[in-house]
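So the first sequence is residues 283 to 1201, counted in the numbering used here.
The beta-carbon is built from N, C-alpha and C at its ideal position, and this holds for glycine as well.
Reading through the structure tokens given below for one structure.
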Amino acid sequence: MVKYQPSKVEEKSRNKWKNEVDLSVPGKKFYLLVEFTYPSGDLHMGHWFAFAVPDILARLKRMQGYTVFAPQGFDAFGLPAENAAIKRGIHPKDWTYDNIARMKKQFASMGAVYDWEHEVITSEPDYYRWNQWIFLKMYEKGLAYKGKTLSNWCPTDQTVLANENVENGKCWRCGSEVIQKEVEQWFLKITEYADRLEWPDGPEVDWPKPLREGQNNWIGKSEGIEISFQVSGIRNQVLGTNRNPKPETRNQIIAYTKFPETIFGVTYMVIAPEHPLVGQLTTDEHKKEVEEYIKTSQKKSELERTSLEKQKTGVFTGSYVVNPVNLQKVPIWVADYVIFTYGTGAVMGVPGSDVRDFAFAKKFGLEIIKVIAKKPDDQSPVETAEDVLEEGWIVNSGQFDGLATPDPAKGKMMEYLSEKDWGKCKVNYHLHDWSVSRQRYWGTPIPVIYCVNCWEVKSEKLKVKSVEGKDYSLIEGDRYAIVPVPEKDLPVELPYDVDFAPRGKPPLATAEDWVRVKCPNCGEEAMRDVETLDTFFDSSWYFLRYLRYVLNTSKKDEKLPFAQDLVAKWMPVDIYFGGAEHTLGHTLYSRFFVKFLKSIGVINIDEYAQRRVHHGVILGPDGQRMSKSHGNVVNPDDEVAKYGADAVRLYLAFLGPYDLVAPWDPGGIRGVYHFLERVWKLFEAVEELSGGYGNEARIVKGKAVNVKDAKRQTLNETSLVTDKRLTIDDLYWMHKTIKKVGEDIEGIKFNTAVAAMMEWLNYLSAKAHRAGPAGSSSHPTSSTKSSSHIGDSSLVGLRALDGTPSVAVTRTEYETFLKLLAPFAPHITEELWEMMQNKKSIHDESWPEYDGRFVKTQVVTLVVQVNGKVRDSLPVKAGIDQKEAEKLALASEKVQRFLGNKPPQKTIFVKDRLINFVA
RNA sequence: GGCUCGGUGGUGAAAUUGGUAUACACGUCAGACUUAAAAUCUGAUUGCUGAAUAAGCAGUGUGGGUUCGAGUCCCACCCGAGCCACCA
């Protein structure tokens, strides 16, 4: 027999396969989705882990008779393409498409079933026109709006970043420190969906708990109360803020709190430096100080502001507010530990029961009042941070004294404040609206036109002012009407010739011919939006785009981004593989999109994936993240050249649980390669190849096994098995492994599935070894390690059902083995399958079914314990009752020794498992 | 500080969900085959006492608890990872 040569086998096998899926076929569907990839250049080991391993499940599902749809595409817009253009003068488009071509070739070497026929490339006008369509729908519904706020700004990439893309105060792409800059840009009102995006306790879909909790924390729903504090000394001035522009905010500062029950402990008020009232509240003698403070805090980067050892800073404004509950006058301070974008940007300072307020009060010598105590009569002063309590008993709070908090004090206080009209219950979210404008080139153009003329006409007609960001946009001081591009004019195509060099202006602004456009509304000169959409917009719905047409049918005249009948049939995705790093970004955004698309009636699902599975990370052999600078990159192409794609796939499946973060182990892959070689060689031991074909082995269903004495008796009287050459042990191993491998793949436990096949192989090899090439075995009766736990296998295991010695591996066994291995190692199994003289592809075979009766052994090992300690183990017939077990166990000399010849006081019996005597 | 996972041999990890702890693999050691090496095959491999493939004791981060029985459940603590975080 020729040596196993992966490179030869793999190319040959791959040429046999076709992966395109006809989405219109009836029957059981299985939509397997893996996060599509960014076309960064070459496939690395992470791609193999992410794509080749889920293919195991795809292949199993296929063999189980499902129509498996596992489409692929590229998340092709994004910064690296543009940076390559800046650095090396290659156009982003050319760079991207070159990479795509190269990566697709590399993808092929995985031998996976991914379908490229429905491919999605987000940088195709054909794709991003639907981004634009969705954007316009959102605009129509008021979910896309233009706003001017302080935003995360990356000075290196010259673009705004969403909150989710700021990691520890640094840009997720380039690692530069993010600064806060006031920028006008488009937002999506994801906050309107905050409630719907919150995960319930027992969700209907199977998504990882850490993800669900993470998203809920990020959404950060908090129920509290907004309390109004009268500003002392200012009369009848409108102190409206752009957050609360209501008449009732006259003379008032509104603070948000979750702990209203501590209001008697308020000794000061703090507002954020960005708070619009700062100017009005600052008295002349504090003006200089306050202005300076605001300046320095603005200069601080996000990083400094949040990580500077929580050292509190702040200044007094000179003004005071009055605490409504006790009419105490308390000073108003400005401090940057208050976050303007959360709540109302104003906080009541309760140093007696909040550690941050305590630190602030200590530093600036402000009064500290105890309002929560360990005991109702405790009046000891609050002196250290340990004395600051959030729960306990209310003290020094008038009629509320003596109540326990949080319950019932919190509720009572809420009621009281609402009744007096001093406070209003309010739900706040940590989640912010999603900023989607990017000041970059390689993305979806925002389908909006700005027209001065339209605004002038409109504002003449309109007697009322419109809302900035909804109707008009301020550009260099002029008002422009926001005119959405009409649907018929989509897509707004990205111009090819632009100047990419960052110069503080979006690159698209340099394409003047493109920018200048006739207003679709009035026909006058107008201009296009020169920014592009965040690429997370692209990836928020791509899984629907895969479902746009049935193979070989017209793709034209699309009315929607997808075919509704196909979506109805194929959604939701059955399993979605991806990285845990997308917990707060991509997966949250795409849930939002799906809920939005449902709200406009074009789809009818709440969650888009039935199950979500995270993959782990393959580190370099040194345990560091693989990177060129570490010099620890393991190139999958090299490994494939050395060991073959099958071995790489198998190793990635075997190295541990799928979500494991573990280093690449060069020894590990040699181990699985060795396994494949043994599978290859076992071909020679298949009985029919040495003894001729025929006598087809097949298991048929029949009556239940009933063995009186499995230790001694073979099964030749049963008619369960037509192939009498299979022993009861053979059947046990085969059926047990079928069960285990199938269940483990579905449970995403690939490592133990592989282990189970290794065990069976060990069993089969030992069997072949005993039989020997010409019956000359060197170990005729030694029971193998693998089979020993069955019990007395020297008697049971070595005799076939017809009583003759088992001689070799049967065709049934070997072919079943190949089928189980096929999803993991599709190439080698295909080749061996052909060598077994099968005509069809092994991947078109159906997955073997196991027979539960064979999964159970006839002989089980009964563990015998005395006082819970294992003292002996006996091979016994399966299913024996307690009486019989006791008799056998008590006969054991070891048991007698530990029982000391006294009868046990109590006996615990677990059928087919153990018996425990309590002395 | 909050949330979510984890902590088992020299290493990656298993453990039928409360029932023989360490499956499978790597590594190491020994043996066979070789002039030799590689490859392959066979065996050993949790620690301690023992000549032992006899027998026993200990053993899943630490300390307690529940139970006939705990890696698994409960309580307290220690350590590590990931995410979030002056969110009032």
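Shown here for Gly926: same chain residues with a beta carbon closer than 8 Å to its own, the five before and five after excluded, namely Pro288, Ser289, Val291, Glu292, Tyr955, Leu958, His1109, Ile1110 in chain order. Closest in alpha carbon position to Pro362, among Gly355, His373, Val1091, Leu934, is His373. Assigned with DSSP and collapsed to three states, Phe682 falls in helix. Under the three-state reduction of DSSP output, Val284 falls in the coil class, being neither helix nor strand.
The alpha-carbon of Glu758 is positioned some 26 Å away from that of Pro555. Nearest Cα to Asp715 within the set Leu699, Gly883, Tyr427, Arg873: Tyr427. When DSSP states are grouped into helix, strand and coil, Asp888 belongs to the coil group. Judged by DSSP secondary structure, Glu401 falls outside any alpha helix (DSSP H) and instead within the beta strand (DSSP E) spanning 397-403. Distance from the CA of Tyr1014 to the CA of Ala1048, rounded to the nearest whole angstrom, comes to 15 Å. For Gln462, the pairing in a beta bridge is given by DSSP as Asn434. Residue pairing by DSSP leaves Glu556 without any beta bridge partner. Trp962 sits in a helix when the DSSP states are folded into three classes. Proximity to Thr1019 across Ile1030, Pro939, Trp1042 peaks at Trp1042, based on C-alpha coordinates. For Phe389, the enclosing alpha helix (DSSP H) has its first and last residue at 374-390.
A Cβ-Cβ separation of about 17 Å leaves Gly684 out of contact with Pro542 under the 8 Å criterion.
Around Arg638, the same chain offers Tyr619 as residues with beta carbons nearer than 7 Å, after the five sequence neighbours per side are excluded. Of the other Cβ atoms in all chains shown, fewer than 16 fall within 10 Å of the Cβ of Asp380; this residue is therefore exposed.
Ala850 and Glu466 have their C-alpha atoms roughly 39 Å apart. Taking all protein chains shown into account, Leu470 has 16 or more neighbouring C-beta atoms within 10 Å of its C-beta and is therefore buried.
Classified as buried, Asn1198 has 16 or more neighbouring CB atoms from the shown chains inside 10 Å of its CB. Distance from the CA of Val513 to the CA of Gln562, rounded to the nearest whole angstrom, comes to 11 Å. By the criterion of a C-beta distance shorter than 6 Å, Val916 is surrounded in its chain by Met327, Trp946, once the five residues flanking it on both sides are discounted. When the beta-carbon positions are compared, Thr1139 and Leu1008 stay at least 8 Å from each other. Annotation: Asn447 to Asn1149 spans about 59 Å, alpha carbon to alpha carbon.
Ranked by how close their Cα comes to the Cα of Val922, the residues Trp330, Met1117, Arg720 have Trp330 in first place. Annotation: the continuous alpha helix (DSSP H) that includes Glu1095 extends over 1093-1103. Annotation: Cys736 is outside any beta strand (DSSP E); the continuous alpha helix (DSSP H) that includes it extends over 734-743.
Per the C-alpha coordinates, the member of Trp852, Ser719, Phe936, Ser821 positioned closest to Gln440 is Ser719. DSSP assignment within the segment 559-628 yields the following whole alpha helix (DSSP H) runs of 4 residues or more, N-terminal first: 560-563, 569-581, 584-589. The three-state secondary structure of Ser717, taken from DSSP, is strand. Distance from the Cα of Ala332 is smallest, within the candidate group Gly347, Gln354, Lys343, for Gln354.
Lys706 sits in a strand when the DSSP states are folded into three classes.
For Ile509, the secondary structure class from DSSP, reduced to helix, strand or coil, is strand. Under the three-state reduction of DSSP, Thr726 is assigned to strand. In terms of Cβ geometry, Ser405 and Ala358 form a close pair [threshold 8 Å]. Only exposed fits Ser662, as fewer than 16 other CB atoms lie within 10 angstroms of its CB.
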